[in-house]
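Residue numbering for the sequence shown follows our numbering, starting at 25 and increasing by one per position.
For glycine and all other residues, C-beta sits at the position ideal for the given N, C-alpha and C.
Just so we're clear, the structure is a prediction, and the values are computed from it rather than from any experiment.
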Amino acid sequence: DDKLPSESQLTKMFKISRYTIREALALLEQEKIIYKIKGKGTFVNKKPIQIKSGLEYLDSITEIIRKFGYEPGTKWVSIEETIPTKDMVKKLNLKPKEKVITFKRIRTADGKPAAFLVDTVAKKILGNKKPDQINFESLFEYMEKEFGIIIEYAISEIIPTFPTEEMIQYLGVDKNSLFLLLYQLHYDKEGRTIFYSLDYFDPKIFKFKVIRSR
25 DDKLPSESQL TKMFKISRYT IREALALLEQ EKIIYKIKGK GTFVNKKPIQ IKSGLEYLDS
85 ITEIIRKFGY EPGTKWVSIE ETIPTKDMVK KLNLKPKEKV ITFKRIRTAD GKPAAFLVDT
145 VAKKILGNKK PDQINFESLF EYMEKEFGII IEYAISEIIP TFPTEEMIQY LGVDKNSLFL
205 LLYQLHYDKE GRTIFYSLDY FDPKIFKFKV IRSR
């Protein structure tokens, strides 16, 4: 099997941080595309196991809803220029006082509220375009067609949580209702963080699975 360059060499080749390289390599190793041998290095698996199910495969929310057998829909809550949180500044690699654009949507499945999505992008990525309205169901599709940015992968955390006050207002759910929060950072092929996402899913509609291996 072919041996990969070292982390420091990959960092110089692609001109991105070592942290991003490590995260990308970890994802490739998880999917059995590469493997490591202690003291020898990292190698490409010529016969990777191709399993694309659950959260291992990055789909847009539109595609996920369709895969569950529902008709996807969107109800826009707001598109706002906001001041980023400290976590956003760090994760989106922003400079002090840089602004962000936050998209808030309710995704529906067969007309029923199924998810509350809060996706944030650095304003500089959108340039002079301040979107007041988006006609695309998928933000992935919007970014690709309007800006030529293709989301390649995401790093996600799954967190059980209760609804926010905003969700209670717009979804009409009880404050003790449980949701699955997908806290995600979406990256393009150059390793830039594009979206900072807080996506809340109704577990009565969505059931996510993760493939684990030894």
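Inter-residue Cα distance where the pair is residue 75 and residue 53: In the sequence shown, the residue the question calls residue 75 occupies position 51. In the sequence shown, the residue the question calls residue 53 occupies position 29. The pLDDT assigned to residue 75 is 29, lower than 50, so where the model puts this residue is not dependable; a value taken from the coordinates is nonetheless given after this. Near 13 angstroms, if we compare the C-alpha coordinates of residue 53 and residue 75.
Burial state of residue 88, where buried means 16 or more other Cβ atoms lie within 10 Å: In the sequence shown, counting from the first residue as 1, residue 88 sits at position 64. So residue 88 counts as buried.
Cβ shell of residue 205 (< 6 angstroms), same chain only, five flanking positions each side left out: Taking the sequence shown and counting its residues from 1, one reaches residue 205 at position 181. Closer than 6 angstroms at Cβ, skipping near neighbours: 183, 185 and 224.
Residue 209 and residue 179 closer than 7 angstroms at C-beta: For the purposes of this step, residue 209 is taken as residue 185 along the sequence shown, with counting starting at 1. For the purposes of this step, residue 179 is taken as residue 155 along the sequence shown, with counting starting at 1. Contact flag set, yes.
Touch test, the region 124 to 135 against the region 87 to 101, Cβ-Cβ under 8 angstroms, three pairs minimum: In short, these stretches touch, since the Cβ pair count reaches three.
Contacting residues, own chain, Cβ-Cβ under 8 angstroms from residue 44 (five flanking each side not counted): In the sequence shown, counting from the first residue as 1, residue 44 sits at position 20. The answer, listed in chain order, is 211 and 215.
Opening and closing residue of the alpha helix (DSSP H) in which residue 90 lies: Mapped onto the sequence shown, residue 90 falls at position 66. Element bounds for residue 90: 85 to 91.
Every unbroken alpha helix (DSSP H) inside the region 122 to 159 [4 residues or more]: The DSSP assignment places 147 to 150 as complete runs of the alpha helix (DSSP H) inside the region 122 to 159, in order along the chain (cut-off: 4 residues).
Beta carbon of residue 127 nearer than 7 angstroms to that of residue 111: One-based indexing of the sequence shown puts residue 127 at position 103. One-based indexing of the sequence shown puts residue 111 at position 87. Contact annotation: residue 127 and residue 111 have beta-carbon atoms that are not nearer than 7 angstroms.
Close-in-space but distant-in-sequence residues of the same chain around residue 77 (CB under 6 angstroms, 5 per side omitted): Taking the sequence shown and counting its residues from 1, the one referred to as residue 77 is at position 53. Annotation note: pLDDT 36 at residue 77 (below 50); position unreliable, coordinate value reported separately. Correct list: empty, nothing qualifies.
Cβ-Cβ distance between residue 213 and residue 176 below 7 angstroms: What you label residue 213 is simply residue 189 of the sequence shown in a count that begins at 1. What you label residue 176 is simply residue 152 of the sequence shown in a count that begins at 1. For the 7 angstroms CB-CB criterion, residue 213 and residue 176 form a contact.
Contact belief for residue 146 with residue 122 at Cβ below 8 angstroms, rounded distance in angstroms: Against the sequence shown, residue 146 aligns to sequence position 122. Against the sequence shown, residue 122 aligns to sequence position 98. So it is a contact: roughly 7 angstroms between Cβ atoms.
Per-residue burial, residue 116 [other beta carbons within 10 Å of its own, 16 or more giving buried]: Translated into the one-based positions of the sequence shown, residue 116 becomes position 92. Classification for residue 116: buried.
Of the listed residues 29, 196, 31 and 203, nearest to residue 231 (C-alpha basis): As a position in the sequence shown, residue 231 is number 207, starting the count at 1. Looking at the Cα atoms, 203 is the closest of the given residues.
Option nearest residue 229 by Cα separation, candidates 29, 150, 140 and 218: For the purposes of this step, residue 229 is identified with residue 205 of the sequence shown, where counting begins at 1. Nearest to residue 229 by alpha-carbon distance, out of 29, 150, 140 and 218, is 140.
Ranges of the beta strand (DSSP E) found wholly within the region 173 to 232, counting only runs of at least 3: List check, beta strand (DSSP E) in window: 175 to 185, 203 to 212 and 217 to 225.
Whether residue 36 touches residue 65 by CB criterion (7 angstroms): By 1-based counting over the sequence shown, the position of residue 36 is 12. By 1-based counting over the sequence shown, the position of residue 65 is 41. Not a contact, by the Cβ cut-off of 7 angstroms.
Residue 114: first and last residue of the uninterrupted alpha helix (DSSP H) it sits in: The residue given as residue 114 occupies position 90 in the sequence shown. Element bounds for residue 114: 110 to 115.
Residue 95 in three-state terms, based on DSSP: Along the sequence shown, read from residue 1 onward, the residue named residue 95 stands at position 71. DSSP places residue 95 in coil when its eight states are reduced to three.
Residues near residue 42 in its chain [Cβ-Cβ closer than 7 angstroms; skip 5 each side]: By 1-based counting over the sequence shown, the position of residue 42 is 18. If we look at residue 42 and ignore the five residues flanking it on each side, its Cβ neighbours are 31 and 35.
Rounded C-alpha distance that separates residue 48 from residue 148: In the sequence shown, residue 48 corresponds to position 24, counting from 1. In the sequence shown, residue 148 corresponds to position 124, counting from 1. Near 24 angstroms, if we compare the C-alpha coordinates of residue 148 and residue 48.
Span of the beta strand (DSSP E) around residue 60: Reading the sequence shown from its first residue, position 36 is the one you call residue 60. Taken as a continuous stretch (DSSP letters only), the beta strand (DSSP E) holding residue 60 covers 58 to 61.
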